[in-house]
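As structure tokens, the structure follows; a few thoughts come after it.
Protein chains: 4
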Amino acid sequence: MVNIVVAGVGTIGKRVAEAVNKQDDMNLYGVADVSQTGGLRTVLSEDGPLHGTDLYASNQDGKENLEDQGFYVAGLLEDQLDEVDLVVDCTPPGIDEKNKENMYEPNDVKAVFQGGAPEDIAPVAFNADANYEDAKGKDFVKVVSCNTTSLSRTMSAVDEAFGVEEAVANLVRRGGDIPQDGRGPINSTIPVTDVPSHHGPDVQAVMPNLDIKTLAVKVPVTYGHVHMVNAELEENASEEEVKQAFRDQPRVNLEKAGEGYDSTSKLHEKMRDLHTPRSDMPEATIWEETITVEENTLYWIHMVHQEAIVVPDNVDAIRAMFEIEGKEESIRKTDEALGLR
Amino acid sequence: MVNIVVAGVGTIGKRVAEAVNKQDDMNLYGVADVSQTGGLRTVLSEDGPLHGTDLYASNQDGKENLEDQGFYVAGLLEDQLDEVDLVVDCTPPGIDEKNKENMYEPNDVKAVFQGGAPEDIAPVAFNADANYEDAKGKDFVKVVSCNTTSLSRTMSAVDEAFGVEEAVANLVRRGGDIPQDGRGPINSTIPVTDVPSHHGPDVQAVMPNLDIKTLAVKVPVTYGHVHMVNAELEENASEEEVKQAFRDQPRVNLEKAGEGYDSTSKLHEKMRDLHTPRSDMPEATIWEETITVEENTLYWIHMVHQEAIVVPDNVDAIRAMFEIEGKEESIRKTDEALGLR
Amino acid sequence: MVNIVVAGVGTIGKRVAEAVNKQDDMNLYGVADVSQTGGLRTVLSEDGPLHGTDLYASNQDGKENLEDQGFYVAGLLEDQLDEVDLVVDCTPPGIDEKNKENMYEPNDVKAVFQGGAPEDIAPVAFNADANYEDAKGKDFVKVVSCNTTSLSRTMSAVDEAFGVEEAVANLVRRGGDIPQDGRGPINSTIPVTDVPSHHGPDVQAVMPNLDIKTLAVKVPVTYGHVHMVNAELEENASEEEVKQAFRDQPRVNLEKAGEGYDSTSKLHEKMRDLHTPRSDMPEATIWEETITVEENTLYWIHMVHQEAIVVPDNVDAIRAMFEIEGKEESIRKTDEALGLR
Amino acid sequence: MVNIVVAGVGTIGKRVAEAVNKQDDMNLYGVADVSQTGGLRTVLSEDGPLHGTDLYASNQDGKENLEDQGFYVAGLLEDQLDEVDLVVDCTPPGIDEKNKENMYEPNDVKAVFQGGAPEDIAPVAFNADANYEDAKGKDFVKVVSCNTTSLSRTMSAVDEAFGVEEAVANLVRRGGDIPQDGRGPINSTIPVTDVPSHHGPDVQAVMPNLDIKTLAVKVPVTYGHVHMVNAELEENASEEEVKQAFRDQPRVNLEKAGEGYDSTSKLHEKMRDLHTPRSDMPEATIWEETITVEENTLYWIHMVHQEAIVVPDNVDAIRAMFEIEGKEESIRKTDEALGLR
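Residue numbers (the working numbering), protein chains in the order written: chain A, 51 to 391; chain B, 51 to 391; chain C, 51 to 391; chain D, 51 to 391.
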């Protein structure tokens, strides 16, 4: 079995490490970091989901830091690279590039990078549903961001079924994740003034032929982005046909606002009531009532749980890079292990 | 001079009353309400901007309420209608209709209604810039809502200059006004699940030939809606030409995010720093950097101060209904009296 | 085994129902409600934690409501009362009183009420640690509110160990629960102007000899109240002795801010990282660094997860009322079944 | 007349500069800064309240910065110090100390520092009401922070009238000011884990004999801290006597929650409705209903507008340092010029 290390045990890293740990065809060799966070401490604690996992330091300073903060450090990540087949790099932007140059390339270790990494860090911008095949055998793959992932999943469902002539997607982004209490805004809406926003080209890295235009703002919420979408269809489609196309798409859910799920916090509550780990929602979730077709215009509004949505794609990227399974089987295995519907 | 009463001294009512009071060609005869709010108490207090204005009760129960709460009530509104030429009705939805039927129609009093009123309450949906002429001589006019006003002002500027083939505007609405501390959401984004949202048809009530599609969500902020807009132009336009068209439009401002005004709260602060009354911003304000043209697509993002934007249009509606002035002169007089740029 | 029904499947009700369901010495006979919420729908759904539990309607209108909304209703609660030994009544204030009068008393069914119920609804205001014995054999018991529960747990630990001469506790309350997106405030702090606040007397209902004074405000957060506490001790105590007294107290946790848990949202994240159901934290959690003794004054700051903290006490109340177990054994069984530390 | 420069045109600096500008016995010689903010740009703009005021650069880099950003810079602050009698230093912590050492001391220029400066930067911690005399003739004075100012004003009123044996004040602080959209928290309450908090000793710097204990948390609001206060009185006092003592105290207001002012945002709205500049509230405002006496315990809850409360004290500090007026006359002149009640 391939040995996987997750470097950077933050919002994404801790989730990917646990997801890798739940698969039966890959081995979580360890995690790596350079300093304490509450998250790192909790997941490794006696009651934590990664208790017993080896913790490596990403560098010598990090080793001292972590030891000062009371962690047992099994060694330097660098010294383990002979044993490691792939690193899922969830470190902050800037660090990922240096890691590639200083650790992964010299040691012939594959790596999966995240959405914040520069575009040219890997030859493939990856979304499991849209372009699984492109990652086959690659050494470096970048899993696209949460926003891009949700747009890729939903747009590819519509595009395959009916053709998308052009699309407009406007994004309402969360200010920070739940524990990021140092981030704002409080009581302010902040526009992204680079117009159109980078999210359109990001989707095009995955779906090169899609004509999509995006704008974005940031608002004072912690759980979930919301996208408002218009798509001009090439073929006629009924609302029911569109809903079916979404239902057939992996990792896309429809929820009825009218059944008591009419906001991001009520969808959050649904995940809590289902006892999903961390109340996570890895699926892109569309409010079913918003799916509307008028002439050739298709509208919908969906929610993106920014902390969780890319986790299954990270697992699939690993399978693709080692050619362990084909697309459908990988998605099936990942989803089953993660308890997705 | 025409005698004006403002009924319903809430968010809009108190501002319109003060705005009428500042004009030299109309007389604020009084205000009317049925119960205390902090706002009513403050504006009538010794240091308040409407100190000395007569307060009438909109009905007998309201008279007792107000007197119990320590207000001096000059009488019932109904008993004054012989003297009154027009009521600006800023009462809650439902009350406005009854007022029209029971008070304004029987007493031959003109009335201006607000955006929350039903569409058929008046023959004209009014925006000063877009259709001033339509209100001339009318007995009943509805000033459109804050969102519609901002879209009408900006869209009509673009449409007149370059033609708008079709437009998409997605709205990020505030949860409540500053003093409305009972309104949510806290930490949630709430989609409007009627899709497309009513804002498109609302704009079409003012600009019947505009092809515009809208979606909307609500977020936890109190000062300002934000609209993300795409418009397909009929004619070529440079970004500079578009900016000029906006600069030429009354009650539309451009502000540079890069000059320190890159969020709704920083624009709020600008109004505070300028000492505008209540830190209000009656202009629709576009972040200049967001004005972008790519082929025929024009993008921009603007902010709407929901409490203030319709105030000047209410004053202009009065002038139009009594044919006191033509459009340009009315706008000029209103803006000068209100200190708009 | 005693048959338990939970009436009112809201924030508290759904949690209590699941907690009862996890005990091996009581039987969840069913739940009862009158209309849809997202929570009710989710917990009864195929993947939900109460799937298969019988749903009763609390009245005839409720039956029609629920059926219209697509629920299968097993019947009226009233018709089941022969089989039911106790109802945990989590209905809104006002309903609980009517239920007692119309259903529980005439049918000789015991009932547990919640913190929002009137003081005189039951002869005992209950907190498992502070006065388990008082509930023995009683027909009606009121489990005190989340704020009172946390103060009773922490104060009784200190009072038993060192004696509390007098205490001041000032409360910073959350505006609404996570899914309550209609509740405010946004960007406002709202004082409770009844001074001192009712929380002091509420604690005294459980600990009659405690001299405690409280004030309270409400702020824009959804997960957790925070209490700032000063207590004048009768006996000398070192900080370490105080910490030990808290560690020895059931359902009270110490967490170190310095270990990455320095806010309510970081404690929330800890619960998420531990995969506790709903990311709940039924323990009162004290930030360890805030425990400070200066002369006879003891200070601390603790957090209360308002949705979850009373759940174990509801279970213990049932055991006490039927005299199934003594205090220590009941607390032990409850905590083990719920996975508390 | 004394020549005053305000260095650091942020939240406090811009307000102090305008306040100095409104006095007839001191001259605003200029303002100084090192880089753009929206606030600096607005107040100096054509419609701004400081239009025409000379802008100096605090250092050479700052000069280039400001000129690059389109400002006209009249020169370096350092080169003006021959003409300047006093600098009100509102620069960030750390800068103030260097300014004192490198500019004010070598050039024999007096300086007023703000609450964030280190304790030993000046021999006097100043609050106009509590210790005006102590600043007479001094070269360096530190005006205490917003929280300390409000506690000094209210506590000294009570202490002088009835004697305060001991007091507990627990603080609920705002996360950031209105334009500080980069500051959190969103949906989190953050305790100050240094216990007791520094606010107690800060008040004691002004009122050395006061026994006061404080705790503090931070919450997601932008306009106003709230303090919950208990004071044990030495002498009996009726609630009416306490209210009168507060009414007699300069810069302390009572407002009735029951008259429509029952939250920080409703008090904010009152300031907006009164058209106070920036909707500022320089007075400490007590919710009148919260003033409660039970035996010897006095309770109250007050609000602090953190942006504005220290502004009048800065003006008074200048008068005291040059012995221009005595305490009562200075307070009277300042308040009249600022339009305080």
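In this text, a Cβ means the ideal position worked out from N, Cα and C, and glycines have one as well.
{"query": "Using 10 angstroms around the beta-carbon of residue 122 of chain D, count the other beta-carbons present and answer buried if the total reaches 16, otherwise exposed.", "result": "exposed"}
{"query": "Measuring straight from C-alpha to C-alpha, what distance separates residue 339 of chain C and residue 265 of chain D?", "result": "13 angstroms"}
{"query": "Could you pull out every residue in the same chain whose Cβ sits closer than 6 angstroms to the Cβ of residue 182 of chain C, ignoring the five residues on either side in sequence?", "result": "370, 377"}
{"query": "Any idea if residue 111 of chain B is buried or exposed, counting beta-carbon neighbours within 10 angstroms, 16 or more meaning buried?", "result": "exposed"}
{"query": "For residue 301 of chain C, name the three-state secondary structure that DSSP assigns.", "result": "coil"}
{"query": "Counting along the chain, where does the beta strand (DSSP E) carrying residue 317 of chain B start and finish?", "result": "Counting along the chain, residue 317 of chain B falls outside any beta strand (DSSP E), though it belongs to the alpha helix (DSSP H) covering 314-323."}
{"query": "Flag residue 80 of chain A as yes when its Cβ comes closer than 7 angstroms to any non-hydrogen atom of the ligand SAH, and as no otherwise.", "result": "Questions concerning the ligand SAH fall outside what the structure shown contains, since it holds no ligand whatsoever."}
{"query": "Alpha carbon to alpha carbon, how far is residue 180 of chain C from residue 173 of chain C? Give it in angstroms, no decimals.", "result": "15 angstroms"}
{"query": "Quick one: what does DSSP say residue 80 of chain B is sitting in, helix, strand or coil?", "result": "strand"}
{"query": "So what's residue 327 of chain D in DSSP terms, helix, strand or just coil?", "result": "helix"}
{"query": "Taking only three categories from DSSP, how would you classify residue 109 of chain B?", "result": "coil"}
{"query": "Specify, as a first and last residue, the run of the alpha helix (DSSP H) that residue 353 of chain D falls within.", "result": "Element bounds for residue 353 of chain D: not the alpha helix (DSSP H) but the beta strand (DSSP E), 347-354."}
{"query": "Less than 8 angstroms between CB atoms is the rule here; does residue 92 of chain C satisfy it with respect to chain A?", "result": "yes"}
{"query": "Excluding the five sequence neighbours on either side, which residues of its own chain have a C-beta within less than 6 angstroms of the C-beta of residue 135 of chain B, listed in chain order?", "result": "52, 53"}
{"query": "What does a CB cutoff of less than 8 angstroms around residue 234 of chain C pick up in its chain, not counting 5 residues either side in sequence?", "result": "225, 226, 270"}
{"query": "List, in chain order, every chain C residue whose beta-carbon is nearer than 8 angstroms to that of residue 384 of chain A.", "result": "Within 8 angstroms Cβ-Cβ: nothing; residue 384 of chain A doesn't reach chain C, min ~18 angstroms."}
{"query": "Is the beta carbon of residue 337 of chain A less than 8 angstroms from the beta carbon of residue 351 of chain A?", "result": "yes"}
{"query": "In terms of alpha-carbon separation, which member of A:383, A:385, A:55 lies closest to residue 163 of chain A?", "result": "A:55"}
{"query": "Can you name the residues that DSSP bridges to residue 335 of chain A?", "result": "A:303, A:353"}
{"query": "Please list the partners that residue 233 of chain C has in chain B, where partner means a Cβ-to-Cβ separation under 9 angstroms.", "result": "232, 233, 234, 235, 236"}
{"query": "By DSSP, does residue 382 of chain C sit in helix, in strand, or in coil?", "result": "helix"}
{"query": "So residue 125 of chain D packs on residue 106 of chain D, CB below 8 angstroms; how close in whole Å?", "result": "6 angstroms"}
{"query": "Under 8 angstroms between C-beta atoms, does residue 142 of chain D make it to chain A?", "result": "no"}
{"query": "Would you grab the beta carbon distance between residue 325 of chain C and residue 273 of chain C for me? Rounded to a whole angstrom, and I think it's under 8 angstroms.", "result": "Not quite, the Cβ-Cβ distance comes to about 17 angstroms (not below 8 angstroms), so this is no contact."}
{"query": "Looking at residue 223 of chain B: is its Cβ nearer than 8 angstroms to the Cβ of residue 268 of chain B?", "result": "yes"}
{"query": "So does the region 296-304 of chain C actually touch the region 207-221 of chain C, counting three or more Cβ pairs closer than 8 angstroms?", "result": "yes"}
{"query": "Got a sec: which bits of the region 267-282 of chain C sit with their beta carbon under 8 angstroms from any beta carbon on chain B, in order along the chain?", "result": "270, 271, 272"}
{"query": "Strictly by DSSP, which residues pair up with residue 53 of chain C?", "result": "C:77"}
{"query": "Hey, could you find the ends of the beta strand (DSSP E) residue 249 of chain B is sitting in?", "result": "Segment 249-256 is the alpha helix (DSSP H) holding residue 249 of chain B; no beta strand (DSSP E) there."}
{"query": "Quick one: is residue 240 of chain C near chain B, going by C-beta distance under 8 angstroms?", "result": "yes"}
{"query": "Tell me whether residue 281 of chain D sits in a helix, a strand or coil according to DSSP, three-state version.", "result": "strand"}
{"query": "Please specify which runs of the alpha helix (DSSP H), each continuous and at least 4 residues long, are wholly inside the region 149-209 of chain D, giving them in chain order.", "result": "178-181"}
{"query": "Which first and last residues belong to the beta strand (DSSP E) in which residue 68 of chain A is found?", "result": "That residue, residue 68 of chain A, is in no beta strand (DSSP E); its alpha helix (DSSP H) goes 61-71."}
{"query": "For the region 89-115 of chain D, list every residue whose C-beta sits within 7 angstroms of some C-beta in chain B, in sequence order.", "result": "89, 91, 92, 93, 97, 98, 99"}
{"query": "Check for me: the alpha helix (DSSP H) holding residue 92 of chain A runs from which residue to which?", "result": "88-94"}
{"query": "Please list, in chain order, the residues of the region 310-331 of chain A that have any C-beta partner in chain B closer than 9 angstroms.", "result": "312, 313, 314, 315, 316, 318"}
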